[in-house]
Each structure stands twice: as C-alpha cells, then as structure tokens.
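Just so it is clear: in the sequence shown, position 92 is 81 by this note's numbering, and no numbers are missing. Positions of the beta carbon are idealized from the N, C-alpha and C atoms, including for glycine.
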Amino acid sequence: MKELIEKFYTGLSEGNAEKMISCYHDDIVFEDPGFGKLKGERAKKMWQMLCKNGKDLKVEFSKVEANDQKGSAHWEAWYSFSQTGRSVHNSIDAEFEFKDGKIIKHTDHFNLHKWASQAIGWKGKLLGGTNFFKKKLHQQTNRLLDKFQAS
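Okay, here's the thing in structure tokens:
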C-alpha cells in the first residue's frame, strides 16, 4: 500500500490525474478543509480539475507509511492561487484507508487559516479561521467543481 500512496503523489507531482485516480476505489471518500467531503466520481473529478488548472503546481511528498488497512503521508504544495495570483505553500498531512488494493478513504489535514492568509491576503487572515469562511469556501470550490463536471 505504500507503493500505492507513492504512485498517487507521483501522479500529482506530474499533473497526471489519471494516475492518481487509478489509485482510488470507486467508492472513494475524500475530505479536506477546502472542498469538504467528496465521494466517488466527484472526488476523482476534483483531482482532474486541480491537475488541469494547476499550471505552476509543485509537489513534494514524504513520510509515507502504510499497512494493509491504513496509511499516511506528508505532502507540500507550492502554487499560485488562481483567483488572486498569490503564492501559496501548503503543508498537508494525509490519512488513507484501503479496500480491495485501492484507496477507499483519503483525508487531508491542513491549517485553513494559514492557507487563507496566503491565498487571499488580509481578508483570509481576518476570516480564514472562521466557520463562516469554511462554509463559503466549500460553496465556492464545489461550484467550481460543478462547472468542471458539466464541461
């Protein structure tokens, strides 16, 4: 399973969504502070959208650990936030669960307040730690995902 996680992040660093998606179970449940909870095809489409739109994305991963049931990794992403053009360096800890040799559950943890401060600036610094901001961000990211899925 360690190799599966490494394949997933190698795909991300290459901008290869298909390689990433091949690591996911059809019943995947993905969750992170930016999108909230996404299931199945919607989680897969999110990675396709991010890979397609992530023109200057740089990814490094480390601390990959896994057994037959669970795994974890640390990864870092550097990119320009598309809506503001601001530079972001996000530090993420991931947890995985496996089923049938694939990732069935993937949860990314990162400091949303810190991310918002980098991506949005002073408004993110002011509001990025609030539930109001998180709810609005989920609405916005899911609208973008809806548009991507429709095209």
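Start and end of the beta strand (DSSP E) containing residue i?
i, result
"Ser2", "Careful: Ser2 lies outside any beta strand (DSSP E), inside the alpha helix (DSSP H) at -9 to 3."
"Phe87", "76 to 88"
"Asp135", "No beta strand (DSSP E) contains Asp135, which is instead part of the alpha helix (DSSP H) from 120 to 139."
"Gly60", "59 to 69"
"Gly25", "25 to 28"
Leaving out the 5 sequence neighbours to the left and right, which residues in its chain are closer than 6 Å to residue i when beta-carbon positions are compared?
i, result
"Lys123", "none"
"Asp21", "Asp97"
"Gln37", "Ala6"
"Asn79", "Ala66, Phe99, Trp104"
"Ile81", "Trp64, Asp97, Phe99"
"Leu46", "Tyr68"
"Gly4", "Cys40"
"Phe137", "Met38"
State yes or no: is the C-beta of residue i within less than 9 Å of the C-beta of residue j?
i, j, result
"Ala66", "Val77", "yes"
"Ile(-6)", "Ile93", "no"
"Leu101", "Gly74", "no"
"Phe85", "Gly113", "no"
"Lys8", "Ala55", "no"
Going by beta carbon distance, what residues of the same chain come within less than 8 Å of residue i, once the five residues before and after it are set aside?
i, result
"Ser71", "Asn42"
"Phe24", "Met35, His127, Thr130, Asn131, Leu134"
Assuming the contact rule is C-beta atoms closer than 8 Å, residue i and residue j should be a hit. Round their C-beta distance to whole Å, please.
i, j, result
"Cys12", "Lys91", "6 Å"
"Ala32", "Phe50", "The Cβ separation is near 18 Å, so there is no contact."
If you reduce the DSSP assignment to three classes, tell me which class residue i lands in.
i, result
"Thr96", "strand"
"Leu46", "coil"
"Gly113", "helix"
Which residues in the same chain have their Cβ closer than 7 Å to the Cβ of residue i, if we skip the five residues on either side of it in sequence?
i, result
"Ile10", "Lys33, Trp36"
"Ser106", "Gly113, Lys114, Gly117"
Looking at the unbroken alpha helix (DSSP H) that takes in residue i, where does it start and where does it end?
i, result
"Ser11", "First-last for Ser11: undefined, no H or E at that position."
Between residue i and the ligand MN, is the CB less than 8 Å from at least one heavy atom?
i, result
"Phe137", "In terms of ligand content, the structure shown is empty, and the ligand MN therefore cannot be addressed."
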